[in-house]
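Visitor: Below is a structure I'd like to ask you about.
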């Protein structure tokens, strides 16, 4: 029982990332009808927002400390981050410690801007072109974005540690009555899961309970009629693209502490996220979220020793296997709507 | 000739001449001169040109004719490589059985994957092929290399060891891939003045095979079967309404292109008897998509051009470094020189992929027909201009026909 619970929990963090990226992909697909292969790159840019902020906060100036000597007898060079000099050592150290959560504030405007520029500058011109062209141009864009990040940050993964308070593990098992040490779970994964649920809830309530969201949903159902009613639906869809980019970016920001960001993390996630979208059903938001968590958890179950000894390598292929089975038996995906992307 | 019309025959002859004379054409600069770094006439690179050319020609038969965008073609390339190396391990270093087996195995593999994937079309087809290829990659990388059943040798890559059976390997046969005793690495270097030209046995084997498969692809493009595939691209629904089942046609196209990929994989292993799982990764599939699009989808010569273009510039751009740039722009004033080098720096050396990505985007945006379309446009503009200049001043009267 506790083992099952542990595997479910283990699947949650990857599942959250899949769900968030798939949600953004579906938003873009549902509104603009564009297949965005650059979405993984947006996830990666988000993660590198955190890296950038961390680097900015750690910018230091060097002072010579005359009281201490190094082994050559010269005065010791002490690096003090500007932030500690400005706010005092304690507040400064706390700010640096909390750089990843703080990056959220930094990433939101950046990602909205990136999304806006991407849509207006490039994707706008591809609405009328075939899906293959959209896939190809966004694929090219993904390569470009990835290489730009690689140029500035190098090819090696960069650590973005979580705040000290949230970095340890917690014994969840004792809280629900299992033996101690049965379920030990890193706190940051819980934070990530909670964060993902929060974002998903926010996106859904935004679409469900605001006038803006209502118009967007109406546009998703019938773009032409909404346009005939005198509403500038294109502008709203552009904003939705920005929001989708923001969701992917935030997913990336918070994912950093789980897995140090490197320039190709986006591509790694993209392939899986597409599979998730297709399993969930193209154009269905709840489907994307459901499939994201489902596949994350499934992957975690497939990685147990029992599963890998029964069917070797199952952990590597489970997601693709499920995708193939779903696509062949339920071509519309788990919760796909009728008439969306059916050729 | 050979059942081709005049235009195709001349195209085939041009391609044949280009590939056969490649050692000359690709080495236009004398050895040791400043421009020698633009030479591409060494065996390894020339082999890559033709092998990736074969791969792209095959991909084009599927994508160019039927419009089905497969993102998993590298799987067939990898399977081809593995089967060729297995032939080396079990039979002998002779490349003929190896290449034959790689084509057959890739064909069977693509029959299986195509049969399942082609039940869906559009983006679903892309995702399905991608999923299959990633699955094959993951399997080749981990599971199929367990000690009990070592089919792929995992991370190290499959290679021939001294204790392999090699039952047909003769006593005198060379200990590396050969064609009835002619080693693939055999290179005859011809020195003409300051130039030196390499004639490599492996390259010529690949070149001959490429010409054969290029001829085959022309025949496919011009055949009723090819017309059927084009019909699938332009409107599959209408085709189905007329009572035609298009599935066998698309499946055949898929298998043919899979066999081309397998052939390319087999040749790759024949040039260098090593097969690794990374050949099956989806980035490798992406590369062949890039080549085909860049060259010109659905055209005969496009994929070959695209493959050559990408491989050539990959090689050249990766070699250029800041010092080379400084020597090029030495004529500029110092400050300006540094500025120019600084601006170009991100695009060269390791930044080649950035250049490729930008180039690819530009092609997709402005030139959906690829290099071939670009060439045609240029030619048209050039011709028109020429006609204009001819017409205006001379005022000659054309004889009526």
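Residue numbers (the working numbering), protein chains in the order written: chain A, 79 to 421; chain B, -1 to 399. Quick reminder that beta carbons are idealized off the backbone N, C-alpha and C, glycines included.
1) Within the present structure, is the beta-carbon of residue 186/B separated from the nearest heavy atom of the ligand FMN by less than 7 Å?
2) Pull up the distance between the alpha-carbon of residue 421/A and that of residue 24/B, whole angstroms please.
3) Please work out which residues of its chain come closer than 8 Å, Cβ to Cβ, to residue 328/A, disregarding the five sequence neighbours upstream and downstream, and give them in chain order.
4) On a Cα-Cα basis, can you pick out the residue from 302/A, 318/A and 304/A that is closest to residue 285/A?
5) Comparing C-alpha positions only, which one of 397/A, 316/A and 287/A sits nearest to residue 199/A?
6) Taking C-beta pairs closer than 8 Å, name the residues in chain B that residue 229/A reaches, listed in chain order.
7) Going by the beta-carbon positions, is the gap between residue 18/B and residue 282/B smaller than 8 Å?
8) Beta-carbon of residue 391/A versus every beta-carbon of chain B: anything under 8 Å?
9) If the criterion is Cβ atoms closer than 8 Å, does the pair residue 367/A and residue 109/A meet it?
10) In the DSSP assignment, what residue or residues form a beta bridge with residue 157/A?
11) Does residue 215/A get closer than 8 Å to chain B when you measure Cβ to Cβ?
12) For the region 104 to 137 of chain B, list every residue whose C-beta sits within 8 Å of some C-beta in chain A, in sequence order.
13) When the Cα atoms are used, what is the spatial distance from residue 333/A to residue 95/A?
14) Looking at the structure shown, is residue 194/B part of a helix, part of a strand, or coil, going by DSSP?
15) Excluding five sequence neighbours on each side, which residues of the same chain lie with their C-beta closer than 8 Å to the C-beta of residue 314/B?
16) Along the region 136 to 152 of chain B, what residues have a CB closer than 7 Å to any CB found in chain A?
17) According to DSSP, is residue 273/B part of a helix, a strand, or is it coil?
18) How do the region 55 to 72 of chain B and the region 123 to 131 of chain B stand: do at least 3 beta-carbon pairs fall below 8 Å, yes or no?
19) Using a Cβ cut-off of 7 Å, pull out every chain A residue sitting near residue 225/B, in sequence order please.
20) Among 300/B, 227/B, 47/B and 160/B, which has the Cα closest to the Cα of residue 88/B?
21) For the beta strand (DSSP E) that residue 247/A lies in, which residues bound it at each end?
22) For residue 53/B versus residue 310/B, is the C-beta distance shorter than 8 Å?
23) Assuming residue 252/B contacts residue 112/B (C-beta within less than 8 Å), just tell me the rounded distance between them.
24) Could you spell out the range, first to last residue, of the beta strand (DSSP E) harbouring residue 442/A?
25) Which same chain residues end up closer than 7 Å to residue 244/B when comparing Cβ atoms and leaving out the 5 residues on each side of it in sequence?
26) What does DSSP give as the partner residue(s) for residue 147/A in the beta ladder?
27) DSSP three-state call for residue 187/B: helix, strand or coil?
28) Tell me, please, which residues DSSP counts as bridged to residue 157/B.
29) So, is the C-beta of residue 349/A closer than 8 Å to a C-beta in chain B?
30) Nearest to residue 131/A by CA position, among 407/A, 151/A, 175/A and 302/A, is which residue?
31) In the DSSP assignment, what are the bridge partners of residue 376/A?
32) Residue 404/A and residue 357/A look like a contact to me (Cβ under 8 Å); what is the Cβ gap, rounded to whole Å?
33) Between which two residues does the alpha helix (DSSP H) containing residue 226/B stretch?
34) Find the residues of chain B that neighbour residue 399/A, judging by a C-beta separation of less than 9 Å, and give them in chain order.
35) In the region 277 to 289 of chain B, which residues sit with their C-beta less than 9 Å from some C-beta in chain A, listed in chain order?
36) Straight-line CA distance for residue 257/A to residue 376/A?
Guide: The relevant details are as follows:
1) Because no ligand of any kind appears in the structure shown, any question about the ligand FMN cannot be addressed here.
2) Taking the first chain and counting its residues from 1, one reaches residue 421/A at position 343. Taking the second chain and counting its residues from 1, one reaches residue 24/B at position 26. In this prediction, residue 421/A has a pLDDT of 46, which is less than 50 and means its spatial position is unreliable; what the coordinates show is noted afterwards. Answer to the nearest angstrom: the Cα atoms are 45 Å apart.
3) Here residue 328/A refers to the residue found at position 250 when the first chain is read from its first residue. Excluding positions up to five away in sequence, the list reads 98, 124, 182, 185, 186, 189, 273 and 277.
4) Here residue 285/A corresponds to residue number 207 of the first chain, with the count starting at 1. The shortest C-alpha separation from residue 285/A is found at 318/A.
5) Counted from its first residue, the first chain places residue 199/A at position 121. The shortest C-alpha separation from residue 199/A is found at 316/A.
6) As a working note, residue 229/A is residue 151 in the first chain. Simply 344, 349 and 352.
7) Walking along the second chain from the start, residue 18/B turns up at place 20. Walking along the second chain from the start, residue 282/B turns up at place 284. No; because the gap between Cβ atoms is not below 8 Å, this pair is not in contact.
8) As a working mapping, residue 391/A is identified with position 313 in the first chain. Output row for residue 391/A: interface = yes.
9) Locating residue 367/A in the first chain gives position 289, where the first residue counts as 1. Locating residue 109/A in the first chain gives position 31, where the first residue counts as 1. Not closer than 8 Å, so no.
10) Taking the first chain and counting its residues from 1, one reaches residue 157/A at position 79. For residue 157/A, which the question treats as bridged, DSSP gives the partners 140/A.
11) Position 137 of the first chain, counting from 1, holds the residue named residue 215/A. It does; some Cβ of chain B falls within 8 Å.
12) 114, 117, 118, 119, 120, 121, 122, 124, 125, 126, 128, 129, 130, 132, 133, 136 and 137
13) Residue numbering aside, residue 333/A sits at position 255 when the first chain is read from its first letter. Residue numbering aside, residue 95/A sits at position 17 when the first chain is read from its first letter. Approximately 8 Å between the Cα atoms of the pair.
14) Here residue 194/B refers to the residue found at position 196 of the second chain. In the structure shown, residue 194/B sits in a strand (DSSP, three-state: E or B).
15) For the purposes of this step, residue 314/B is taken as residue 316 along the second chain, with counting starting at 1. Only 35, 36 and 38 meet the Cβ criterion.
16) 136, 137, 140, 141 and 144
17) Stepping through the second chain from its first residue, residue 273/B is reached at position 275. DSSP places residue 273/B in strand when its eight states are reduced to three.
18) yes
19) The count along the second chain starts at 1 and reaches residue 225/B at position 227. None at all; the shortest Cβ gap to chain A is about 21 Å.
20) Within the second chain, residue 88/B is the residue found at index 90, counting from 1. Ranking the options by Cα distance to residue 88/B, first place goes to 160/B.
21) By 1-based counting over the first chain, the position of residue 247/A is 169. Residues 247 to 249.
22) Counted from its first residue, the second chain places residue 53/B at position 55. Counted from its first residue, the second chain places residue 310/B at position 312. Result no, Cβ atoms of residue 53/B and residue 310/B do not sit closer than 8 Å.
23) Numbered from its first residue, the second chain carries residue 252/B at position 254. Numbered from its first residue, the second chain carries residue 112/B at position 114. Between residue 112/B and residue 252/B the Cβ distance is about 4 Å, and since that is below 8 Å, they are a contact.
24) Past the boundaries of the shown model lies residue 442/A; chain A is included only from 79 to 421, so the question cannot be answered.
25) Stepping through the second chain from its first residue, residue 244/B is reached at position 246. Correct list, in chain order: 230, 234, 237 and 238.
26) As a first step, residue 147/A must be located in the first chain, where it is residue number 69. Note: residue 147/A sits in a beta bridge opposite 153/A.
27) The residue given as residue 187/B occupies position 189 in the second chain. Strand, per DSSP.
28) Taking the second chain and counting its residues from 1, one reaches residue 157/B at position 159. Beta-bridge pairing links residue 157/B to 272/B.
29) The count along the first chain starts at 1 and reaches residue 349/A at position 271. Residue 349/A counts as touching chain B.
30) By 1-based counting over the first chain, the position of residue 131/A is 53. If we check each option's Cα against that of residue 131/A, 175/A comes out closest.
31) Taking the first chain and counting its residues from 1, the one referred to as residue 376/A is at position 298. Beta-bridge pairing links residue 376/A to no other residue.
32) Locating residue 404/A in the first chain gives position 326, where the first residue counts as 1. Locating residue 357/A in the first chain gives position 279, where the first residue counts as 1. The pair is a contact, with the Cβ atoms about 5 Å apart (cut-off 8 Å).
33) As a first step, residue 226/B is located in the second chain; it is residue number 228 there, counting from the start. Run containing residue 226/B: 222 to 239, per the alpha helix (DSSP H) assignment.
34) Translated into the one-based positions of the first chain, residue 399/A becomes position 321. In chain order: 129 and 133.
35) 280, 281, 284, 287 and 288
36) One-based indexing of the first chain puts residue 257/A at position 179. One-based indexing of the first chain puts residue 376/A at position 298. Distance between the alpha carbons of residue 257/A and residue 376/A: 25 Å.
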